[in-house]
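Only one structure is covered here, and it is reproduced in the block below.
2 protein chains.
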Amino acid sequence: MDRRRGPTARAPLSRERVLRSAVALAARDGIESLTMRKLADELGAGAMSLYHHVPNKEELLDGMVDIVFGEIELPPTDVDWKTAMRRRAISTREVLNRHRWAVGVMESRATPGPASFRVHDAVLGCLREGGFSIELTIQAYSVLDAYIYGFALQEKSVPFDDAEGGAAVAEEQARQFAEDAARQQSATLAEEFPHLAEVVAGHVAKVGYDFAAAFEYGLDLILDALERRRDAT
Amino acid sequence: MDRRRGPTARAPLSRERVLRSAVALAARDGIESLTMRKLADELGAGAMSLYHHVPNKEELLDGMVDIVFGEIELPPTDVDWKTAMRRRAISTREVLNRHRWAVGVMESRATPGPASFRVHDAVLGCLREGGFSIELTIQAYSVLDAYIYGFALQEKSVPFDDAEGGAAVAEEQARQFAEDAARQQSATLAEEFPHLAEVVAGHVAKVGYDFAAAFEYGLDLILDALERRRDAT
DNA sequence: GTTGTACGTCGTACGGTGTACGATAGCCGT
DNA sequence: ACGGCTATCGTACACCGTACGACGTACAAC
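Chains as they are written, first to last, in our numbering: chain A, 7 to 239; chain B, 7 to 239.
Spelled out as structure tokens, the structure:
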């Protein structure tokens, strides 16, 4: 059969096309249903054809992660370090939120790609030019990235997106837990975990929880603290 | 055959025993080789027997995570909030480091167990009694946990444990990357990513990288910043 | 002591996974 | 025209989670 011409023609496979299709498939159906066979179907190809453009599934995931890194906005160079880092942090959260699977697969993946190197380098450069010593730059980088990825990790394991949904889910979860507690002889939620109950029932369920706002609050807290460390001594 | 007496006797299965064996197996052989069959072998039982004590593998993982949470030291109540949170944060990092797989499986797992509730409640209580408002307590909890888990996540994806190993690996990685760059027409690492090169070659490779120290530096930075926020207004 | 029943155990089997291997078919330099 | 090269893909294998049903045994009722 002719693979290049005619109405049944198909664009030729390539590493780029394979990776982009994989990202799209993961976005649409979730990472756990990203299968070599499904991915090949998506591309109108046989499963084994993929292995001519990607050595194995591990490296496929590596490549996907690097595509995600490529979507992160580099810290702008025409503003002060603080707003540059702020922009880049917010962009990173947005990207990790758009590709929720990415946080999960980044862990256990030790070989970063070029896009990853690019943002690491830009961030370090931004801090150095902002007047941070090498030691402080390393620390700042460590704290910021830990916070960003950790926040994305928490956010990922929560089944809602907006503040109102947060309130609803919190209420539901509290109700269900109280039910569980009632089923056995144990005390109710409010009795056994009073502080948790106070927070959930007394605040989150009332005003909801805005992830974006919470993220920026913590981010500014860290940025301010870093600035103080930089100006000390 | 007699399963209860004689030299071939074997302790009866139970949810507790299954979970503990699973944690041990994951610690020994890595989480990716934790298989229902292997776990059953480990317990001297058939694979399907496990399903009478655990509904499926997902809930097996949930149970394992809760065992890990149970190892986290609760914030002590006889010291001020700051040292209590410090102790608990360091303990959490140690536990997540002892069970590297835990960070990876926590994500995507949305139903927390009793041990998890216990530490959440204790942390919230510690902050509330430390004089934080409900809103600030939620923020503090969010920032701290994001930092702790994010740090553990970064640490996990690094193949060494101590500072000297860090220096060695950094050097090796830099060398390998330079080699990759040389193989194509592209510039060398130092030319393309100057800030990265500066940090890796100029500092990490020289003095090494001490994860524990870095963690505590960032932790104190955050704790100090939280204290300032609490005392403001 | 007998028997009915419920439960813990496990052999087998099914559908799904990643991927090794070898056959095939089109392209290009000669 | 033709021989190598490379991309494609059908088939097969080992391994995974787990549904199903047979089997042995503990225990309560009689």
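Cβ coordinates follow ideal geometry from the N, Cα and C atoms, glycine included.
Exposed unless 16 or more other CB atoms sit within 10 angstroms - verdict on residue i
i, result
"residue 20/B", "exposed"
"residue 162/B", "buried"
"residue 85/A", "exposed"
"residue 143/A", "buried"
"residue 39/B", "exposed"
"residue 213/A", "exposed"
"residue 127/A", "buried"
"residue 105/B", "buried"
"residue 156/A", "buried"
"residue 118/A", "buried"
"residue 98/B", "buried"
"residue 234/B", "exposed"
"residue 219/A", "exposed"
"residue 9/B", "Model confidence at residue 9/B stands at a pLDDT of 40, short of 50, so the residue's coordinates are unreliable and nothing is read from them."
"residue 54/A", "exposed"
"residue 238/A", "exposed"
"residue 34/A", "exposed"
"residue 52/B", "exposed"
Euclidean distance between Cα positions of residue i and residue j
i, j, result
"residue 154/A", "residue 113/A", "14 Å"
"residue 31/B", "residue 49/B", "10 Å"
"residue 67/A", "residue 78/A", "17 Å"
"residue 194/A", "residue 145/A", "43 Å"
"residue 36/B", "residue 116/A", "16 Å"
"residue 122/B", "residue 160/A", "14 Å"
"residue 111/B", "residue 62/A", "22 Å"
"residue 82/B", "residue 209/B", "37 Å"
"residue 26/A", "residue 64/A", "15 Å"
"residue 120/B", "residue 140/B", "23 Å"
"residue 205/A", "residue 136/B", "15 Å"
"residue 90/B", "residue 71/B", "23 Å"
"residue 95/B", "residue 223/B", "12 Å"
"residue 100/B", "residue 29/B", "16 Å"
"residue 69/B", "residue 73/A", "34 Å"
"residue 164/A", "residue 164/B", "27 Å"
Residues near residue i by beta carbon distance below 7 Å, same chain, minus five either side
i, result
"residue 226/B", "none"
"residue 102/B", "108, 109 and 158"
"residue 56/A", "24, 42, 45 and 46"
"residue 59/B", "19, 20, 21 and 24"
"residue 125/A", "75, 78 and 80"
"residue 92/A", "225 and 229"
"residue 138/B", "146 and 236"
"residue 6/A", "Because chain A in this structure spans residues 7 to 239, residue 6/A falls outside the shown range and cannot be described."
"residue 88/B", "229 and 233"
"residue 221/A", "99 and 157"
Cutoff 8 Å; reference residue i; Cβ partners in own chain excluding five residues on either side
i, result
"residue 149/A", "228 and 232"
"residue 170/A", "214"
Contact test: residue i Cβ vs the ligand MN heavy atom, cutoff 7 Å
i, result
"residue 151/A", "Of ligands this structure carries none, so the ligand MN is not represented either."
Beta-carbon contacts of residue i that lie in its chain and below 6 Å, excluding the five residues immediately before and after
i, result
"residue 217/A", "161"
"residue 151/B", "none"
Using a Cβ cut-off of 8 Å, which residues of the segment 100–113 of chain A contact any Cβ in chain B, in chain order? 109, 110, 112 and 113
Are the segment 121–134 of chain A and the segment 197–211 of chain B touching by the rule of at least three beta carbon pairs closer than 8 Å? yes
If you measure beta-carbon to beta-carbon, which residues of the segment 55–77 of chain B are closer than 8 Å to chain A? none
Name the residues in the segment 27–42 of chain A whose C-beta lies less than 7 Å from a C-beta of chain B; which are they? none
When Cβ atoms are compared, which residues of the segment 191–211 of chain A fall closer than 9 Å to chain B? 195, 198, 199, 200, 201, 202, 203, 204, 205, 208, 209 and 210
If you measure beta-carbon to beta-carbon, which residues of the segment 216–238 of chain B are closer than 8 Å to chain A? 220, 223, 224, 227, 228, 230, 231, 232 and 235
Give me the subset of the segment 114–132 of chain B whose CB atoms are less than 7 Å from a CB atom of chain A, sorted by chain position. 114, 115, 116, 123, 126, 127, 130 and 131
Taking any Cβ of chain A, which residues in the segment 133–144 of chain B have a Cβ under 8 Å from it, in chain order? 134, 140, 141, 143 and 144
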